[in-house]
Amino acid sequence: MKKVLFQVHWFFGITAGLVLALMGITGALYSFEDEIMDALNPDALFVQPGERQLSLTEMVSKLEAQGNDTVSMFRIEVGGDRAAQVWFKPAPGERRGQMHNFDPYTGEFKPDATGQDFFGFMLNLHRFLAAGEYGKQVTAACTLILVFFCLSGLYLRWPRQALNWRVWLTLDWAKKGRSFNWDLHSVFGTWCLIVYLLVAVTGLMWSYDWFNNGMNKLIGDPPVPGEQRRGGGGPRPGAGPRDAAPEQPLVADYAAIWDTIQKAAGPDLKSYNLRLPQAAGQMATVYYILKDAPHPRALNQITLDPANGKLKAVSRYTDKGYGAQLLVSNYSLHTGSYWGLTGRIVITVAALLMPLFFITGWLLYLDRRRKKREIRNARGEVAVSPSSAYGSQGPAWLIGFASQSGFAEQLAWQTAGQLQSAGLPVRVQRLADMTEQDLNQSRNALFVVSTFGDGEAPDSARGFERKLLGQPLSLQNLNYAVLGLGDRQYQHFCGFAQRLHGWLAERGGSTLFAPVEVDSGDAGALQHWQQQLGEVTGSTPAAAWTAPEYESWVLAQRDWLNPDSAGSKVFLLGLISANDTSWEAGDLVEVLPRNPAFAVEQFLAGLGIDADTQVTVDGLNESLAQALGSRQLPANRSHLVGLHAQALVDALVPLAMREYSIASIPQDGSLQLIVRQELHPDGSLGLGSGWLTEHASLGGAISLRVRRNSSFHLPSEPAPMILIGNGTGLAGLRSLLKARIAQGEQRNWLLFGERNAAHDFHCGNELQAWLASGDLARMDLAFSRDQAQKIYVQDRLREAADELHRWLADGAVIYICGSLEGMAAGVDAVLVELLGEKGVERLIEQGRYRRDVY
409 MKKVLFQVHW FFGITAGLVL ALMGITGALY SFEDEIMDAL NPDALFVQPG ERQLSLTEMV
469 SKLEAQGNDT VSMFRIEVGG DRAAQVWFKP APGERRGQMH NFDPYTGEFK PDATGQDFFG
529 FMLNLHRFLA AGEYGKQVTA ACTLILVFFC LSGLYLRWPR QALNWRVWLT LDWAKKGRSF
589 NWDLHSVFGT WCLIVYLLVA VTGLMWSYDW FNNGMNKLIG DPPVPGEQRR GGGGPRPGAG
649 PRDAAPEQPL VADYAAIWDT IQKAAGPDLK SYNLRLPQAA GQMATVYYIL KDAPHPRALN
709 QITLDPANGK LKAVSRYTDK GYGAQLLVSN YSLHTGSYWG LTGRIVITVA ALLMPLFFIT
769 GWLLYLDRRR KKREIRNARG EVAVSPSSAY GSQGPAWLIG FASQSGFAEQ LAWQTAGQLQ
829 SAGLPVRVQR LADMTEQDLN QSRNALFVVS TFGDGEAPDS ARGFERKLLG QPLSLQNLNY
889 AVLGLGDRQY QHFCGFAQRL HGWLAERGGS TLFAPVEVDS GDAGALQHWQ QQLGEVTGST
949 PAAAWTAPEY ESWVLAQRDW LNPDSAGSKV FLLGLISAND TSWEAGDLVE VLPRNPAFAV
1009 EQFLAGLGID ADTQVTVDGL NESLAQALGS RQLPANRSHL VGLHAQALVD ALVPLAMREY
1069 SIASIPQDGS LQLIVRQELH PDGSLGLGSG WLTEHASLGG AISLRVRRNS SFHLPSEPAP
1129 MILIGNGTGL AGLRSLLKAR IAQGEQRNWL LFGERNAAHD FHCGNELQAW LASGDLARMD
1189 LAFSRDQAQK IYVQDRLREA ADELHRWLAD GAVIYICGSL EGMAAGVDAV LVELLGEKGV
1249 ERLIEQGRYR RDVY
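In our numbering, the protein residues as written are 409 to 1262.
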């Protein structure tokens, strides 16, 4: 349940979050309209009080003479210094007619107020997105989603120490990066939780009739006989004409109307709003406020016959039940004026913070997509001992690893290399292949394991955890150490490594040294692991582990795959290297992007440093402009002013690499990628995708290195393959298909999804040709936007349930490549639905369910 809520929470956050941010900003701007308008328009909105205000009859006579139209509605403050407002009869099809400010003491029109159109537009954006009924449906849905955000966010954030208020409400300003973004999102979200629930529930009163009616039935009072419900089915002043034209013109006795208002309201009347019907025989409605009203919307209501002023019904605020008072006060609750100026300020500040959650949510989402770490193909540098635990140099050290994206595997091989350089035999083994016998025969063992998600074992280690972890083995002869990889953002940091260490100690194993836990590839923790290994083996610690050098590749091909698509642009890129670099289907590349020339020029503008100034980077001389191309360029440069060229370069952090799945095999003659342009909210391109798809010139140099991803390689033995992916996830699947076709294997089934078949069928001709030639046995396509009901690859998989069972019975292997949070999670859910949790676990343990997701 928590995983599902998390996925829905972030999905709505990066979609509906933008609309909610706009609604928050416009609502905040609108919240102090009265004060701003009063300050801007003292001549239009204030009057000089006279001895007495005109009677209603006198007002109507003067106003209709000036406006050449029929009065429809008044809003008047009794005895004050504020201008009154009058609305004339609306034109057919319109909700309200023309409005004028006027002096209630003289009946003269006042000038139109400056800023009136601006605040009208802000309200239109806030309620309708300036898109009429369609916009209203969008804002209504987003208001419902805000309720979901509040409740799901509370559940997802619920800490173990729930009674400790500091855990809920304090922000650690010393944190940086993802940790700080998470604190901003969760702590500020907790502060604003009650406010957002309040504005969402009150906003729903205007969004949906079913909600309004339900709340009236739930907490409202029974209607007063003759009372006109606000927003009900009766005649509404200012609304468009009814289908049938009125048979008789409206006749109103304004003297009688005023007499009825005075008698019903009494001497404490502060202001009133008179709404006349559009036809004879219908009732007029008066909303009035008393001088001792608890808030500006503590409205009392009168229903009367305008022809003679006869009172039909009175509904006083103080006579209502508490629930009914809240319903009448809905607008004051929504704006905070129910609690005076303090409440309005609180609501406004919370509304202004709404974009913060959209921005931090996006930053957290992007960070999750970039979580894969560096890996090198160190396997070829280590001479592994035979499968026996004993080699010619004595008992071999057992090195077990469990990796989700390859980083733990990389470190396991680097650990093996360090031990071998100390003269020790090693045997590297996946935890998935480890048996009870392997543990019993080993004297020394090192475990390099990552933790997937919040404390879970990686896919490849689930079988080990189920079959061995927790079993009552006797491991008293085993000396061991554990290197755990994880992310402290998760509550159960390095949870799987901790469970493994606890079990080994419980079974009698002796620790060589305390477990080392690595937070997001922390170099200091890795160096500590190396030092501990050096002390145990009696050798000098090796130099700090480094990744392979980047190579220079030539960008030889850049084909736009989806012209006229509703989504962002997707390109097929081809790169060529002068070196004899090879890779396997399923491997990844790490690309070092560069800032475009215009970004470097913009950054240097005003710093007073020549772009051609020579600087030294990693021992090489290059111009300042070249050096800045590989550095993060902060928007705020105040701390950099006055630095000389070399100091400027040294003060900037190098750009981080970007990972991409390889879409080709070496036999193609080029390394191909499928890259989608990432668009930022301001319209600018993402750094990595922008560099590859637009800023780097054809024939120009691209710095990249190949990274081994053995968990996504072809199976060691031929087997049917089911390949599932969406969007640019086709890249990894395409390389696997090419390798299979090169091997003559034709039992391949592809399920692929995108937006529209006409524009987003990437490499469609190639795939159709493989289907026609029999190299693809089956292809199921899901183009989500080509029909009214959206269809995704998981839906196609569910439709082909019988075929899936047949393929799996024949030993098929499932490969998934694409987005983790949407597609991969959906496919996983369908597999659990069709195969059961145990069936999916069995596939994972057998290495028949492999994922390369981001």
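Glycine residues also receive a C-beta, built at the ideal position from the N, C-alpha and C atoms.
Asked	Found
Neighbourhood of glutamine 1040 by C-beta, 7 Å cutoff - its chain only, sequence neighbours within 5 removed	Leu1060, Val1061, Leu1063
Serine 928 versus histidine 909: straight-line alpha-carbon distance, rounded	20 Å
Nearest-angstrom Cβ-Cβ length linking glutamine 837 and leucine 883, presumed shorter than 8 Å	Actually they do not touch by this definition, with Cβ atoms about 16 Å apart.
Burial state of lysine 497 (16 or more Cβ within 10 Å)	buried
Proline 1123 and valine 1221 closer than 7 Å at C-beta	yes
Identity of the residues DSSP links to tyrosine 1068 by a beta bridge	Val997
Reference phenylalanine 860, options Ala1104, Leu854, Ala869, Asn852, closest by Cα	Ala869
Span of the alpha helix (DSSP H), counted from its first residue to its last, around phenylalanine 1011	1005-1012
Helix, strand or coil at phenylalanine 440 according to DSSP, with G and I counted as helix	coil
Of the listed residues Leu1242, Ala608, Ala521, nearest to arginine 535 (C-alpha basis)	Ala608
Those runs of the beta strand (DSSP E) which lie wholly inside the region 1178-1249 and span at least 3 residues	1186-1191, 1221-1226
When Arg1250, Glu998, Asp442, Pro714 are compared against phenylalanine 872, the one with the closest alpha-carbon	Arg1250
Cβ-Cβ separation, leucine 832 to alanine 889 (assumed contact under 8 Å), whole Å	In fact, because the Cβ distance is near 14 Å, the residues do not count as touching under 8 Å.
Lysine 720 - DSSP class collapsed to helix/strand/coil	strand
Integer Cβ distance of valine 999 from leucine 1036, believed to fall under 8 Å	Contact doesn't hold; Cβ gap of about 18 Å is too wide.
Alpha carbon of proline 714 to alpha carbon of alanine 549, nearest angstrom	40 Å
Alpha-carbon to alpha-carbon, glycine 1133 and glycine 903	30 Å
Glycine 932 versus leucine 1081: straight-line alpha-carbon distance, rounded	34 Å
Rounded separation between serine 480 and glutamine 474 - CA only	15 Å
CB contact flag (leucine 464, tryptophan 747, <7 Å)	no
Run of the alpha helix (DSSP H) containing isoleucine 753, from where it starts to where it stops	748-760
Burial state of valine 1049 (16 or more Cβ within 10 Å)	exposed
Assigned secondary structure, glutamine 801 (DSSP; H/G/I helix, E/B strand, else coil)	Its pLDDT being 49, under 50, glutamine 801 is placed unreliably in this model, and the coordinates cannot settle the point.
Nonlocal neighbours in the same chain, by C-beta distance under 6 Å from glycine 751, ignoring five residues either side	Gly744
Three-state secondary structure assigned by DSSP to arginine 503	coil
Histidine 1052 - DSSP class collapsed to helix/strand/coil	coil
For alanine 1139, three-class secondary structure by DSSP	helix
Same chain, Cβ closer than 8 Å to proline 971, neighbours up to 5 away in sequence not counted	His1167
Rounded Cβ spacing between proline 993 and lysine 1146 (contact assumed at less than 8 Å)	Strictly speaking, residue 993 in this sequence is alanine, with proline absent from that position. Indeed they touch by this definition, with Cβ atoms about 7 Å apart.
Residue ranges of each beta strand (DSSP E) within the region 920-980, 3 or longer	924-927, 959-968
Nearest-angstrom Cα separation, counted from serine 1118 out to isoleucine 1224	14 Å
Close beta carbons around glutamine 801, own chain, < 8 Å, minus the five adjacent residues each side	For glutamine 801, the pLDDT reaches just 49, beneath the cut-off of 50, and the residue's location in the model is therefore unreliable, although a value from the coordinates is still provided. Gly831, Leu832, Pro833.
Candidates Ile1073, Tyr1068, Gly1014, Gln1075: closest to serine 1046 by CA position	Gly1014
At least three beta-carbon pairs within less than 8 Å, the region 969-983 to the region 1072-1092	yes
Distance CB(threonine 551)-CB(glycine 611) smaller than 7 Å	yes
Test item: CB-CB of serine 985 and glutamate 959 under 7 Å	yes
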